[in-house]
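If you read the sequences in order, they're chains A and B. In the working numbering, each residue's number is its place in the first sequence (first place is 1) plus 37. In the working numbering, each residue's number is its place in the second sequence (first place is 1) plus 104.
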Amino acid sequence: MGTIARNGWASLEDIRDILYLTDARLDAIARDVPIRRWCECFDLRARTIFPRPKKSQAGVVGYDGVAAADVAALLIYLERLGYELEPLPLVERLMDVIRSNPYLTNAQLSVLWYERCRHKCEPLVLYLADAARPKLAETRRLRTTTGYTIEVATSADGTPIWLSASAPKYRKRRVSTPETCLQCGYVWTRGDPDSSAAHRREHKKRLSYLDPQPVVELVAAVAAGENTISVDRTSPRWKHREIYRRALAFKREFGYDFVQWQSDKGDDDPGAAGVLFCNAQNVIVGACAFRLREYQGRSWRALQWIWLAPKYRRSGILTTRWFDLRRQFGDFRVEPPVSEAMQAFLKKMGDESLMGAPLSSTLPER
Amino acid sequence: MGDMDPAPVDVLNDEPHFLSEPEVAQALERMLNEFQRETDRGAVLIAGEMVSAQLAAEIRALAPPELRGKRINELLKYPGFLSSFSARCDVALLAGFIDASAHRSTVVLRRLRNDAAHSTDAFSLAVHRERLMQMCSLGSGVAASVSEFAAKSVLDDVVYRLKQRGMTLENEIGRNPFSSAAEIFEHLSVRPDLMAVLDERMPKMELAIGVWLLLGLIVHQGKRRRAERTTGDIDDAN
């Protein structure tokens, strides 16, 4: 096994030797079924390999070989069928290389998870191809010396139709079903620890803007006397983080392709101007972003997006701030597409004209 | 334990502290409230108006009986010759109602007010910091003390506000990040944006404290002048 791990390859004869030295039953079957066929059963490939040619050598003679990880996987599969094998020495020798690889094959994954999943894997089922499948007549069950339960279905003439091997420590997992979190809208799989962890992480992040709480940085800024919660490229990082989260929420809610704020670390566009809507409790209830647009010597401000946390909608927040936005950004253009709610709002404010072409070529004093 | 000792009395100088006069103390409170809402330009205009009004009050109080009543009102009201800030400053010095340092300070404030009122560009006190310090130079080391006191006041204000807010924050977010002054200073130290905001507040605070001292001095000097007159009248009668 040491040589196989070192060389990275095993000849078909090497594999036959392993089977010969381990389970006597395997040796017997190996005489009838070629090793190449064994590999094919488990989707493993034998390939032609060549010894490294010497400097003066003109040609080399190749022979069939199987990659070391594929050999380990074959041994693992045979163990899962109930044979008495010890894949661990080869697995241990291959682990260092596999752990450092960024991408893995199926066989390498089997090796990587071997120790964790040994004797706990899902039942392995082998069956005849559909075309050759005869009528099922009998099902038998037996237990191997390694504790595996084998169930085999045969036809009337004794031809095996399918065979299932169940591991001794296998426990049926709860069925994983995709679920959508009612609070944050994240789709995750119940029963999958990785998915649950990802949901927990994302849930916390999303709730920070869907159900916002006072922001410590904002509390300190207000206490220090800062009263304009505007965001531009010179603003501190926390403001970019907060406005980016709202831009992301806008993108998710309306299904757009891009987040319309550069990143949660900053936005280097000198024409970018964000506004955070905060209430008296230092909660950021929403945000909007403007960009400077220029065309044929004219320039104007454009409202790119505006987003309010659902629980704060229809409470007059935008109405109370609209006058300040108009004063600060002048006759800005509300960039399409404009949601129905926003269209209704503009109509209410008598500012439907902002949805059309830019009205003014001059910018208000900032 | 016996009764508590009475508060020590300064036998040589038993008059109240010049900044504890009600009108002076109220003026500081008013300035702190108003300046918070005002721009730098607005703050300077308010400060100028407060000092001008105080000078008018002193002139009215120290005017000779012949000029009291309707006549003094005419003089102090536009277009009377004492209706302007500059005339009030100069007359107060001429009449000995204020001393040279208070006069110098009022002149600086008046010029600052004129610049704020008549400039068409944005007005920022930070640009006029040097003149602000000149206005506060009411004695040796006073300007530096004003600056120091202003910085302390601004910081104390933030610490107080954050401590108060921190207590309610605990219920809202489950922790109080501002439970002690040390925590608050630690937070401020990693927030250059906040330090910049505090820095911006400094000139207005210095203006408020400088004007507070100036008003105190004007009131104090006026009071002393009235006391001297009363003593002189008694001596004359004797």
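Even glycine gets a Cβ: it sits at the ideal position worked out from N, Cα and C. Keep in mind it's a predicted model, so treat the numbers as computed, not measured.
Let's test the definition: count the other Cβ atoms within 10 Å of the Cβ of residue i and tell me whether it reaches 16, buried, or not, exposed.
i: I215 of chain A; result: Looking at the sequence itself, residue 215 of chain A is Pro, so the reference to Ile does not match. Exposed: under 16 other Cβ atoms inside 10 Å.
i: W150 of chain A; result: exposed
i: P78 of chain A; result: Just to set this straight, residue 78 of chain A is Cys in the shown sequence, not Pro. Classification of C78 of chain A: exposed, given that the 10 Å Cβ count is below 16.
i: P124 of chain A; result: buried
i: R279 of chain B; result: exposed
i: F369 of chain A; result: buried
i: R117 of chain A; result: buried
i: V323 of chain B; result: buried
i: N137 of chain B; result: exposed
i: Y185 of chain A; result: buried
i: A286 of chain B; result: exposed
i: E153 of chain B; result: exposed
i: Q23 of chain A; result: A query on residue 23 of chain A cannot be resolved here, the shown segment of chain A reaching from 38 to 403 and no further.
i: N319 of chain A; result: buried
i: H236 of chain A; result: buried
i: E175 of chain A; result: exposed
i: A204 of chain A; result: buried
i: S209 of chain B; result: buried
i: K308 of chain B; result: buried
i: L111 of chain A; result: buried
Which value, in whole angstroms, describes the spacing of the CA atoms of residue i and residue j?
i: R338 of chain A; j: Y293 of chain A; result: 21 Å
i: L131 of chain A; j: I72 of chain A; result: 21 Å
i: G326 of chain B; j: R233 of chain B; result: 29 Å
i: P90 of chain A; j: Y120 of chain A; result: 38 Å
i: L244 of chain A; j: C221 of chain A; result: 6 Å
i: F327 of chain A; j: V252 of chain A; result: 23 Å
i: E290 of chain A; j: W342 of chain A; result: 12 Å
i: E50 of chain A; j: R82 of chain A; result: 15 Å
i: E188 of chain A; j: L179 of chain A; result: 7 Å
i: V148 of chain A; j: A47 of chain A; result: 16 Å
i: K384 of chain A; j: T357 of chain A; result: 15 Å
i: A147 of chain B; j: K267 of chain B; result: 28 Å
i: N316 of chain A; j: A167 of chain B; result: 53 Å
i: H277 of chain A; j: L340 of chain A; result: 17 Å
i: E288 of chain B; j: F282 of chain B; result: It is Ile, not Glu, that sits at residue 288 of chain B in the sequence shown. The straight-line gap from Cα to Cα measures roughly 5 Å.
i: A220 of chain B; j: V315 of chain B; result: 16 Å
i: Q130 of chain B; j: R269 of chain B; result: 27 Å
i: R217 of chain B; j: G308 of chain A; result: 35 Å
i: R215 of chain B; j: P169 of chain B; result: 32 Å
i: F295 of chain A; j: K241 of chain A; result: 22 Å
i: G393 of chain A; j: V371 of chain A; result: 8 Å
i: P139 of chain A; j: A106 of chain A; result: 15 Å
i: I277 of chain B; j: Y349 of chain A; result: 18 Å
i: A109 of chain A; j: G228 of chain A; result: 30 Å
i: P273 of chain A; j: I266 of chain A; result: 11 Å
i: S93 of chain A; j: A65 of chain A; result: 43 Å
i: T143 of chain B; j: T334 of chain B; result: 43 Å
i: L56 of chain A; j: L63 of chain A; result: 6 Å
i: A190 of chain A; j: R177 of chain A; result: 6 Å
Check whether the Cβ atoms of residue i and residue j sit closer than 8 Å, and answer yes or no.
i: V262 of chain B; j: A261 of chain A; result: yes
i: S343 of chain B; j: L229 of chain B; result: There is no way to answer for residue 343 of chain B, as the model of chain B reaches only from 105 to 342.
i: S188 of chain B; j: K181 of chain B; result: no
i: R282 of chain A; j: Y246 of chain A; result: yes
i: F87 of chain A; j: V103 of chain A; result: no
i: M306 of chain B; j: A254 of chain B; result: yes
i: L345 of chain A; j: I354 of chain A; result: yes
i: G303 of chain A; j: I280 of chain A; result: no
i: L197 of chain B; j: E310 of chain B; result: no
i: D69 of chain A; j: L122 of chain A; result: no
i: I41 of chain A; j: L115 of chain A; result: no
i: E263 of chain A; j: V301 of chain B; result: yes
i: K157 of chain A; j: K206 of chain A; result: yes
i: I176 of chain B; j: R164 of chain B; result: yes
Any heavy atom of the ligand MN closer than 7 Å to the CB of residue i?
i: S209 of chain B; result: This structure simply doesn't include the ligand MN, nor any ligand for that matter.
The segment 157–174 of chain B contacting the segment 309–322 of chain B, beta-carbon criterion three pairs below 8 Å: Cβ pair count under 8 Å is three or more, so yes.
Taking three-plus beta-carbon pairs below 8 Å as touching, is the segment 188–200 of chain A in contact with the segment 156–170 of chain A? Because the criterion of three Cβ pairs below 8 Å is met, the segment 188–200 of chain A and the segment 156–170 of chain A touch.
Taking three-plus beta-carbon pairs below 8 Å as touching, is the segment 240–257 of chain B in contact with the segment 167–183 of chain B? With a cut-off of 8 Å, the segment 167–183 of chain B and the segment 240–257 of chain B do not count as touching, because too few Cβ pairs lie within range.
Can we say the segment 256–273 of chain B touches the segment 282–295 of chain B, given the rule of at least three CB pairs closer than 8 Å? Taking a contact to require three or more Cβ pairs closer than 8 Å, the segment 256–273 of chain B and the segment 282–295 of chain B qualify as touching.
Quick check on the DSSP output: what are the complete beta strand (DSSP E) runs of length 3 or more inside the segment 43–96 of chain A, in order along the chain? Within the segment 43–96 of chain A, the complete beta strand (DSSP E) runs of at least 3 residues are 46–48 and 83–86.
Could you tell me which whole alpha helix (DSSP H) segments of length 4 or greater appear in the segment 159–224 of chain A? With a minimum length of 4 residues, no continuous alpha helix (DSSP H) run stays inside the segment 159–224 of chain A.
Complete beta strand (DSSP E) runs within the segment 223–282 of chain A (minimum length 3 residues, chain order): As far as the segment 223–282 of chain A is concerned, its whole beta strand (DSSP E) runs of at least 3 residues are 224–227.
Unbroken stretches of the alpha helix (DSSP H), 4 residues or longer, contained in the segment 215–296 of chain B: With a minimum length of 4 residues, the continuous alpha helix (DSSP H) runs that stay inside the segment 215–296 of chain B are 233–240, 246–277 and 285–293.
Along the chain, which unbroken stretches of the beta strand (DSSP E) at least 3 residues long are found entirely within the segment 313–360 of chain A? Runs of the beta strand (DSSP E) inside the segment 313–360 of chain A: 321–332 and 335–345.
Any alpha helix (DSSP H) of 4 or more consecutive residues that is wholly inside the segment 113–174 of chain B: If we require 4 residues or more, the alpha helix (DSSP H) runs fully inside the segment 113–174 of chain B come out as 126–141 and 144–166.
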